[in-house]
Amino acid sequence: MQIYTLWDKGLAQAPELIQRLNALWIALHDEGSVKVLNGEEMDALIAQAGVDPSNLTVQVRSDLVRLILLADGGGVWADATLLPSAPLGTWLTTKLGPVGFYAHSTPKSDRILDSWFLSAHPDNPLVAAWRDTLIDYFRTPRLSYKLAPKWDRLKREIRRALSPASFASDKVARNATYFPYHIVSYTLDNLCRTKPEIGEIWRRVPKDSGEPAMRLKAECNRTGGDLDDATLHKLIFAHPVHKLNWRTTEKYEKAVTVAERALL
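The sequence shown maps to residues 1 to 264 in the UniProt record's numbering.
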């Protein structure tokens, strides 16, 4: 199964943490199965889909390209900040079994899933519909809500609290100048609400919270990374993937070293 990830400036220019995490993915699988896209490759795929990437944030471009890749050929999307602790073959096949799609659910009240790890079989109808809808949304030029006037940002927060899926509804999207940060999740949420066949697929996806994948990061942040090897080993092997943060690499140095000793 092809594993896709991304670093905008290319892996050679990525922080050491990202390069070490990529080495763990290769060690657990093989180099040929791990594809690290760069910004140029990402933007070319988005442009081929009919969307101008020039005014889009790297986060949204990344959301678009992961859906394009998985809808077309299947595989796995793993954010570059994910630390793996087990080969995909030891756990993912079962998760994909019910409907050929898998993602972690999220404990966040405004979103139905975390998009940092996605997997799908080729031509999965949920991923295809999700891709098509997000592409259609961004064929209309839009700007990040970070650039919106204060009043628009206030309205966004109210909508996010009351009806986040409505960001992607035809009625709201038709006249929207600005896009919210989590539009990729809101798009799927709206699809599940308006397309019964998509909602049924999502209902059958195993509902595993993404919270366990955040525990290693939380503990490293809480302690500044000063945890003993046994505690780190237990945290690392309690879940097959862990979401880290490339901006605070020093807090994860010891955890990554423990993972490397066990896996490389």
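Glycine residues also receive a C-beta, built at the ideal position from the N, C-alpha and C atoms. Being a predicted model, the structure only gives us computed values, none of them experimental.
Query raised in the report: If Ala103 and Ser115 are in contact, beta carbons under 8 Å, what's the gap, nearest whole angstrom?
Result: If you number the sequence shown from 1, residue 103 lands on position 103. If you number the sequence shown from 1, residue 115 lands on position 115. Sure, about 7 Å apart at Cβ, within 8 Å.
Report task. Would you please state the rounded distance, in angstroms, between the beta carbons of Lys217 and Leu188? I believe it to be under 8 Å. Result -> As a first step, residue 217 must be located in the sequence shown, where it is residue number 217. As a first step, residue 188 must be located in the sequence shown, where it is residue number 188. Going by Cβ atoms, the distance from Lys217 to Leu188 rounds to 24 Å, so no, they are not a contact pair.
Requested in this report: On a CA-only basis, which of Arg215, Gly97, Glu40 is nearest Arg204? Give me that one, please.
Outcome: On the sequence shown, residue 204 is found 204 positions in, with the first residue counted as 1. It is Gly97 whose Cα lies nearest to the Cα of Arg204.
Query - Contacting residues, own chain, Cβ-Cβ under 7 Å from Trp91 (five flanking each side not counted) - result: Here residue 91 refers to the residue found at position 91 when the sequence shown is read from its first residue. Closer than 7 Å at Cβ, skipping near neighbours: Pro240.
Query raised in the report: When DSSP builds the beta bridges, which residues end up paired with Leu134?
Result: On the sequence shown, residue 134 is found 134 positions in, with the first residue counted as 1. For Leu134, which the question treats as bridged, DSSP gives no partner whatsoever.
Requested in this report: Following the continuous alpha helix (DSSP H) through Tyr186, name the residue where it begins and the one where it ends.
Outcome: Locating residue 186 in the sequence shown gives position 186, counting from the first residue. Unbroken alpha helix (DSSP H) run through Tyr186: 183–194.
Query raised in the report: Applying the criterion that 16 or more other CB atoms from any shown protein chain within 10 Å of the CB defines a buried residue, is Val60 buried or exposed?
Result: As a first step, residue 60 must be located in the sequence shown, where it is residue number 60. When all chains shown are included, Val60 counts as buried.
Report task. Check whether the Cβ of Leu96 lies closer than 8 Å to any heavy atom of the ligand NAD, and answer yes or no. Result -> For the ligand NAD, the structure offers nothing, since it holds no ligand at all.
**Report entry** Outcome for Lys251 when other beta-carbon atoms lying within 10 angstroms are tallied against a minimum of 16
**Finding:** What you label residue 251 is simply residue 251 of the sequence shown in a count that begins at 1. Lys251 should be labelled buried.
Query - Span separating the alpha-carbon of Met1 from that of Asp123 - result: Residue numbering aside, residue 1 sits at position 1 when the sequence shown is read from its first letter. Residue numbering aside, residue 123 sits at position 123 when the sequence shown is read from its first letter. For Met1 and Asp123, the distance between alpha carbons rounds to 14 Å.
Query - Ranges of the beta strand (DSSP E) found wholly within the stretch 78–134, counting only runs of at least 3 - result: 82–84, 101–103, 117–120
Query raised in the report: What's the C-alpha gap between Ala80 and Ser169?
Result: To locate residue 80, count along the sequence shown from 1; it is residue 80. To locate residue 169, count along the sequence shown from 1; it is residue 169. Rounded to the nearest angstrom, the two C-alpha atoms are 30 Å apart.
Query raised in the report: For Trp246, which residues of its own chain have a beta-carbon under 7 Å away from its beta-carbon, when the five flanking residues on both sides are left out?
Result: On the sequence shown, residue 246 is found 246 positions in, with the first residue counted as 1. Taken in chain order, the residues that qualify are Pro15, Leu17, Ile18, Thr81.
Requested in this report: For Asp140, name the three-state secondary structure that DSSP assigns.
Outcome: Here residue 140 refers to the residue found at position 140 when the sequence shown is read from its first residue. The question names Asp, yet the displayed sequence has Thr at residue 140. Coil, per DSSP.
Query raised in the report: By the 10 Å Cβ neighbour count, where 16 or more other Cβ atoms means buried, how is residue 309 classified, buried or exposed?
Result: This structure cannot speak to residue 309, because the chain is shown only from 1 to 264.
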